[in-house]
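Chemist: After the structure tokens below, expect a handful of questions from me.
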Amino acid sequence: MATVKRIAGLALFSGSVSATGNVIAQYLDSWSRTGDCAADKTHTVPFSGYDPAQTVRFFVYGAAFAPISFSWHAFLNRRFPLMAAANAPAVASVARGSHLLSGKAKAVAKRIAVDQTVFAPFASGAFVAGMGILEGLDLDDLRERIRVQYPRVLLVGYLVWPAAQLINFSIVPLIYRVPFGSMVGLFWNTYLSWSSAQLKHRQVQSTRASGCGRLAANAP
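Following the numbering used here, the residues of the sequence shown are numbered contiguously, the last one being 220.
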């Protein structure tokens with residue numbers, strides 16, 4: 001059973017990974033931002049518009065979600081134990097290798113199937129809604145954020161995590177599984193942060209473009 005100290009350490013680590021991904025995403029995003037109006041499309045100086053509050057929000061969310069994620073993976077470990085599959089007795093020495101491989105493959109496949117059909121939709125929705133709440137969005141804006149961003153986040157997650165978990169459970173040695181998961185998590189959190197930033201920029205640019213159009217229409 002996990003101790004409070006272990007959960008706190010996991011939360012701190014997860015929050016740090018989320019925050020690091022946000023910093024990377026803000027740096028990458030700073031190269032592609034444009035000026036206020038269409039006529040002023042200039043690249044900003046990299047990191048000139050860094051928003052530390054955004055990084056703090058990602059840290060808070062990552063730390064808060066870590067115990068939920070830990071509990072879920074603990075459930076998967078109990079429900080589909082890999083060791084039980086690996087230690088299952090073989091009926092014949094010739095068939096022993098294929099039997100063990102088949103047992104492990106079934107356990108891994110079950111973990112991935114349950115994880116992606118149950119937890120992935122929940123985690124994606126929790127991220128989109130959670131970040132919106134931390135940003136202080138009102139109910140209408142939050143609903144719009146979920147409507148636009150949730151399907152994209154869920155779809156990209158389905159392109160990333162099943163393959164990552166398959167590699168992690170099937171090929172990567174046990175001692176390297178945590179670093180491997182952390183590496184994938186860093187890139188994933190970078191994408192989540194970048195996706196949120198792109199949505200916000202589109203909304204801001206749409207508002208500014210409307211303002212620029214009104215100014216042009218009213219010009220003498």
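Virtual Cβ for every residue (Gly too), placed ideally from N, Cα, C.
Quick caveat: nothing in here was measured; it's all calculated off a predicted structure.
Assuming contact is defined by CB atoms lying nearer than 7 angstroms, are Q165 and I112 in contact in what I supplied?
Modeler: Taking the first residue of the sequence shown as 1, we reach residue 165 at position 165. Taking the first residue of the sequence shown as 1, we reach residue 112 at position 112. For Q165 and I112, yes; Cβs fall inside 7 angstroms.
Chemist: Using the beta-carbon count (16 or more within 10 Å), is M131 buried or exposed?
Modeler: As a working note, residue 131 is residue 131 in the sequence shown. By the 10 Å Cβ count, M131 comes out buried.
Chemist: Report the three-state DSSP secondary structure of I7 (helix, strand or coil).
Modeler: Counting from one through the sequence shown, the residue named residue 7 turns up at place 7. Helix.
Chemist: Assuming A25 and A197 make a contact with CB atoms under 8 angstroms, what is their CB distance in whole Å?
Modeler: Translated into the one-based positions of the sequence shown, residue 25 becomes position 25. Translated into the one-based positions of the sequence shown, residue 197 becomes position 197. Yes, they are in contact, since the Cβ atoms of A25 and A197 sit about 6 angstroms apart, within 8 angstroms.
Chemist: Assuming F70 and L12 form a contact by the criterion Cβ under 8 angstroms, report the distance between their Cβ atoms to the nearest whole angstrom.
Modeler: To locate residue 70, count along the sequence shown from 1; it is residue 70. To locate residue 12, count along the sequence shown from 1; it is residue 12. At roughly 13 angstroms, the Cβ-Cβ gap does not stay under 8 angstroms, so F70 and L12 are not in contact.
Chemist: Under a three-way DSSP split, which group does F58 fall into?
Modeler: Position 58 of the sequence shown, counted from the first residue, corresponds to residue 58. It is helical.
Chemist: Which one of I171, S195, V172 and V56 has the shortest CA to CA distance from S124?
Modeler: Position 124 of the sequence shown, counted from the start, is the residue given in the question as residue 124. That would be S195, whose Cα lies nearest to the Cα of S124.
Chemist: Leaving out five residues on either side along the sequence, give the residues of the same chain with a beta carbon under 6 angstroms from the beta carbon of V184.
Modeler: Walking along the sequence shown from the start, residue 184 turns up at place 184. Here the set comprises A164.
Chemist: Taking the CB atoms as reference points, tell me whether S18 and G62 lie closer together than 7 angstroms.
Modeler: Locating residue 18 in the sequence shown gives position 18, counting from the first residue. Locating residue 62 in the sequence shown gives position 62, counting from the first residue. The answer is yes: Cβ separation under 7 angstroms.
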